[in-house]
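Remarks on the structure that follows.
Chains as they are written, first to last, in my numbering: chain A, 11 to 279; chain B, 11 to 279.
Here is the structure:
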């Protein structure tokens, strides 16, 4: 298997995003190796040795996706013997010409601590404090309130919205303590109806997920999953709560779909 | 202010990563607009209208970073009148030639639900269950155990490691209930000493963070922060616990540094 290296004098997150997106277009598996914080000549020399070892082992030159700010270190890595892809270099001249401003590369500009950083930490704390219906007296501070039956992805989505975008997401479970035959929202949620967003799943998928937790239980049974999902979707429609079926979506996709369907303002780009 | 658009028939996360990294090299502010899931001609037409409105408003053509799988939709957006940057297109031919395989673009390959997806959800649940020293009987399942005094970033880092990499991170607070004069680790942590990783901060920063929570308290006082940090760093050294000072780092940078300093295996790329 051929090796792909992601190398940078910063976190290498941008090199990874770039390389992964590019390689994911090919029906081929790669061995991935990320080498962040390569910020000295000694470290760059060590990278060279790793690249050469992979070359020998694979019998093919590794692909190297890199985003260096330091030009000397970049040249060292470029000259190591792999196939080098530098997407910043490829586009920076064109952007400079277009906007009429010269580039001033600095490390930590992309993934460093910016003026919006505290928003994210506040949003994470908010998501934790308001996970799983723990509190109903802070919902006025929420940017969005995710609702859904147990195990439909509310918690990971809330945390992702907080970490990635600085959005304060509370979540509230429609649980099996509720009377599903006469399902209604608590009055605290009705007061914030404009912030509600529902998650749902295909019954088969919910059955699988719940079975991992409580194999053979009534809670995990196909019949119970079908029943709860049917009733909760009826509730969403009755209360005009927008919702998505997240069966085939990752947390990134769910979050992006929520942003696309609402007017939520990101606190971070 | 000039507008930058991030447009895709998928989540647009890749277009954002690419565009943000590129624009962050310039000392210029942009108005950012992300338009994900542009998967029909009607939606592409609406994108065109938005691009043209921004052009009129700004008096300058917007920059458009896009990653389309659908060629027809891509052409529509490219011909809208902005300045178009397509980094996949720029590199895909070179990679295809290098590896001798043709590209087969599909949506949802980069940010979809992959075989490693359940690892991430399991890791998030683990991080929540084992946050803040809640449980000491599941530490054998941890990939890493973050330790530190209150408010040094253990929880956001644990959640980020889980969401981003599928790594199971527990965290344990060295709290003001502990006897800081005779600081020691509980025996459950000593048994897992090889998994411990410490976080620390500059006293001034910790003082600021704690003051936001409990203004004027003993807990937030500069003296207390200095004392706790000095003692906990002494403990790290005594117990040979690797640690980093995260004062100037974002959660992405802290996580990348931890991965670089340990042999933690990511469960996701």
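Here a beta-carbon is modelled for each residue, glycine too, at the ideal position from N, C-alpha and C.
For residue 217 of chain A, same chain residues with a beta-carbon under 8 Å away, outside a window of 5 residues either side, are 230, 231, 232 and 235 in chain order.
Between the region 57 to 65 of chain B and the region 49 to 65 of chain A there are fewer than three inter-stretch CB-CB distances shorter than 8 Å, so the stretches are not counted as touching. Nearest CB-CB separation between residue 27 of chain A and chain B: below the 7 Å threshold. Rounded to the nearest whole angstrom, the CA to CA distance from residue 139 of chain A to residue 145 of chain A is 7 Å. Contact annotation: the region 29 to 44 of chain B does not touch the region 255 to 262 of chain A, with fewer than three C-beta pairs closer than 8 Å. For the region 59 to 85 of chain B, the residues whose beta carbon sits under 9 Å from a beta carbon of chain A are, in order, 70, 71, 73, 77 and 79. Against chain A, the CB of residue 266 of chain B has a partner CB under 7 Å away; the residue lies at that interface. Using a C-beta cut-off of 8 Å, the region 158 to 172 of chain B makes no contact with the region 155 to 165 of chain A, since fewer than three inter-stretch Cβ pairs fall below that distance. Around residue 54 of chain B, no beta-carbon contact reaches into chain A at under 9 Å, the shortest distance being about 14 Å. In the three-state scheme derived from DSSP, where H, G and I count as helix and E and B as strand, residue 221 of chain A is classed as helix.
Comparing alpha carbon positions, the residue from B/143, B/223 and B/203 closest to residue 184 of chain B is B/143.
With contacts defined as CB atoms closer than 7 Å, residue 12 of chain B and residue 70 of chain B qualify as a contacting pair.
Of the other Cβ atoms in all chains shown, fewer than 16 fall within 10 Å of the Cβ of residue 201 of chain A; this residue is therefore exposed. The CB of residue 215 of chain A never comes closer than 9 Å to any CB in chain B; the least such distance is about 10 Å.
By the criterion of a C-beta distance shorter than 7 Å, residue 25 of chain B is surrounded in its chain by 16, 17, 18, 75, 76 and 77, once the five residues flanking it on both sides are discounted. Exposed is the label assigned to residue 82 of chain A, since fewer than 16 other Cβ atoms lie within 10 Å of its Cβ. Within the same chain, and ignoring the five residues on either side of residue 242 of chain B in sequence, the residues whose Cβ sits closer than 6 Å to its Cβ are 159 and 184.
Taking 4 residues as the shortest admissible run, the region 136 to 219 of chain B contains the following complete alpha helix (DSSP H) segments, listed from N- to C-terminal end: 164 to 175 and 197 to 200. Residue contact check for residue 183 of chain B against chain A: no CB pair falls below 7 Å.
Within chain A, the C-beta atoms nearer than 7 Å to that of residue 21 of chain B come from 262, 263 and 266, in chain order. Each of A/133, A/141 and A/94 was checked against the Cα of residue 104 of chain B, and the nearest Cα belongs to A/94. Here the C-alpha atom of residue 221 of chain A lies approximately 12 Å from the C-alpha atom of residue 213 of chain A. For the options B/219, B/244 and B/31, the alpha carbon positioned closest to that of residue 113 of chain A is the one of B/31.
For residue 84 of chain A, same chain residues with a beta-carbon under 8 Å away, outside a window of 5 residues either side, are 76, 78 and 96 in chain order. For the set A/247, A/128 and A/176, the Cα lying nearest the Cα of residue 207 of chain A is the one of A/247. If you check the CB distance, residue 14 of chain A and residue 40 of chain A come in under 7 Å. Among the bridge pairs identified by DSSP, residue 112 of chain A is matched with none. The C-alpha of residue 86 of chain B lies about 46 Å from the C-alpha of residue 193 of chain A. Ranking A/155, A/238 and A/237 by CA distance to the CA of residue 269 of chain A puts A/155 first.
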